[in-house]
Structure formats: structure tokens, C-alpha cells
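J.: Here it is, the structure, as C-alpha cells.
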Amino acid sequence: MSKLRLGVLVSGGGSNLQSIIDHCNSGYLPAEVAIVISSKEGVYALERAKRHNISYAVVDPKKFPTKEAYEDELIKLLKSSNVGLVVLAGFLKVLSPHFVNAFQDKIMNIHPSLIPAFCGEGFYGERVHKAVLDYGVKITGVTVHFVDEGTDTGPIILQRAVPVLDDDTPEILAQRVLKEEHKIYPEAIKLFAQGRLQIHGRKVKIVKGEEN
Ligand code: GAR
């Protein structure tokens, strides 16, 4: 069976990208990273792509006259890399229906909270963890979901809880959550690669595979 080709979109450090690369290399994931696209120059995620000889590009939205022109460039690069799944990994741009329609049900995102809490516009990266601590919740977590036209509103694939501890700072909590992200994202991508995810409206059904 041919491997699923992933297009990974990043804007930062790329620790999730690294986890995906490692899980491809170990054989856990029947997939390969075909291209990494960053919305910013100089981010560490690009170093990770270079180190693993993965094709990469920087597509800076500021350099395009419209959002549609920007997204057309992303679509062109991803399609010419024969990508079967677009993986948002710390990608901080919100994609419009124009992009979402080009990869219908083939875009995944990871968000560092238990959606629908602490998500939506303005909730990204450390801001999420700060909001979690300010609110005083005792449990937060990670969500992997398919991307639809909204922000963090698409059908949920997997979620995992992470405890919030008394002395947490946003940085400490972010690290605890990231540890879980690095496990759950490969799991979700593997289910997709195995054809085991069925979308029924808002719900994602995980169908049995050969392993269980
Ligand atoms: C991760 O925590 C990811 O969940 C979050 O950005 C971080 C990127 O880390 N994404 C969002 O907040 C999206 N709304 P990484 O670059 O080390 O993978």
C-alpha cells in the first residue's frame, strides 16, 4: 500500500511536526511528510524540515494582495506535492472556505484545549493556557479535529485530558499539554491513513481496524 502523503503547515517551533516525522520514520505512521509550509520566515520548524531533507516553502500571507491569492499558492504547492492530508501543526492563520473546499474532509488541526472550551478566534498557543489558568479549571487537554469553515469548530476526532496543577504557569502547562499532543496527533493521522475515520455530521466515528 502506498504511503499517505502529508502536507504540514506550521508557524513556529514545530514540535508537533517533529513528532509526526519521528512517527513516520519509526514505521508507526504509514505516511510521509511530503512538504512543510511555513507562514513565517526563520521559524525552527523549517530547520526540522531541512534536517530531515523534507521539501519546504515559506508562504507569507503579507506578500499576497488577497487571502484568496495566498491560499491559491498554498493549494498549488500542496496539490503539486500530491498531498492526501493537510496537517495544521501550530499554524496560526485561519483558513477560509476557499482553502477548506479544496481539501474537503482532508484537513486536520490540533488545538491545545478541550474544545469547545478555550478555542476560537484569538485562542492560540500560550494564550490558551493563560486563559485556562485565569479561569481556574482543573482539567484541560488536547483536541484533534477536522477543519471546517469555522475556527476550531470542525468534527472532533480525538481528545485527551491533561490535569491543571496549582503551581502551573502557562509555560509549564504548555509543556504538559504538548507531551500529550505529540502522542495524540500521530494517533489521529494513523486512523485517517488506515481509512478508519467516518464523518457523520458533527460526529467522527472510528471504525474497527485489523488491530482491534
Ligand atoms: C501547539 O500547542 C498547538 O496545539 C498550538 O500551537 C502549538 C504549536 O507548537 N496550536 C494552536 O494553538 C492552534 N489554535 P509546535 O509548533 O511546537 O507544534
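Per our numbering, residue 850 is the first one in the sequence shown, and the count goes up by one each step.
All C-beta atoms, glycine included, are put in the ideal place defined by N, C-alpha and C.
From a predicted model like this one, the values you see are computed outputs, not experimental measurements.
1) Can you list, in chain order, the residues of its chain whose CB lies under 7 Å from that of I964, leaving out five sequence neighbours each side?
2) Candidates Q1043, E1020 and G990: which alpha carbon is nearest H1031's?
3) With the cut-off set at 8 Å, would you say A894 and G863 are in Cβ contact?
4) How many whole angstroms separate the CB atoms of A938 and I959, which I take to be in contact at a CB cut-off of 8 Å?
5) Give the straight-line distance between the Cα atoms of V907 and V1011, rounded to the nearest whole angstrom.
6) Check the DSSP bridge columns for Q1047 and list the partner residues they point to.
7) Give me the Cβ distance between V981 and F967, rounded to the nearest whole Å; I'm assuming they're in contact under 8 Å.
8) Are the beta-carbon atoms belonging to R854 and A883 less than 8 Å from one another?
9) Does the distance from the CB of V936 to the CB of L927 come in under 8 Å?
10) The alpha helix (DSSP H) that contains A966, what's its start and end?
11) For S904, count neighbouring Cβ atoms within 10 angstroms of its own Cβ and tell me buried if that reaches 16, exposed if not.
12) Okay, do the stretch 915-929 and the stretch 867-879 touch, 3+ Cβ pairs below 8 Å being the bar?
13) Taking the continuous alpha helix (DSSP H) assigned at H947, which residues delimit it?
14) Nearest to S851 by alpha carbon, out of Q1043, G974 and I886?
15) Can you give me the start and stop residues for the beta strand (DSSP E) that Y905 sits inside?
16) So K925 packs on S888, CB below 8 Å; how close in whole Å?
17) Near L858, which residues of its chain fall below 6 Å by C-beta distance, leaving aside the five closest residues on each side in sequence?
18) For A951, which of Q867, E970, L923 and Y973 has the nearest alpha-carbon?
19) Between the C-alpha atoms of S945 and E998, what's the straight-line distance to the nearest angstrom?
20) Is any non-hydrogen atom of ligand 1 found closer than 7 Å to the C-beta of G863, if you look at the structure I gave you?
21) Helix, strand or coil: which one does DSSP assign to P938?
22) So, at 6 Å on beta carbons, what are the nonlocal neighbours of H978 in its own chain, with the 5 sequence-adjacent residues on each side left out?
T.: Taking the coordinates as given:
1) So the qualifying residues of the chain are T992, H994, D1001 and I1005.
2) Ranked by Cα distance from H1031, the options Q1043, E1020 and G990 are led by G990.
3) Contact: yes.
4) Cβ atoms of A938 and I959 come within 8 Å of each other, at about 7 Å.
5) If you take the alpha carbons of V907 and V1011, they lie about 33 Å apart.
6) Beta-bridge partners assigned by DSSP to Q1047: K1054.
7) Right, their Cβ atoms sit about 6 Å apart.
8) Less than 8 Å separates the beta-carbon of R854 from that of A883.
9) Inclusion of V936 and L927 in the CB contact set at 8 Å is not warranted, their separation being larger than that value.
10) Element bounds for A966: n/a, residue is neither H nor E.
11) When all chains shown are included, S904 counts as exposed.
12) Touching, no.
13) Here the alpha helix (DSSP H) through H947 covers P946 to A951.
14) Nearest C-alpha to S851: Q1043.
15) In the DSSP assignment, Y905 falls within the unbroken beta strand (DSSP E) covering Y905 to V907.
16) Separation of the CB atoms of K925 and S888 is rounded to 16 Å, and the pair is thereby denied contact status at 8 Å.
17) Excluding residues within five positions, the ones whose Cβ falls inside 6 Å are I886, L937 and F940.
18) Comparing C-alpha distances from A951 to each of Q867, E970, L923 and Y973 shows the shortest one belongs to L923.
19) When rounded, the distance between both Cα atoms is 6 Å.
20) The answer is yes for G863.
21) For the record, residue 938 in the displayed sequence is Ala; it is not Pro. Residue state, collapsed to three classes: coil.
22) Excluding residues within five positions, the ones whose Cβ falls inside 6 Å are P1019, L1022 and A1023.
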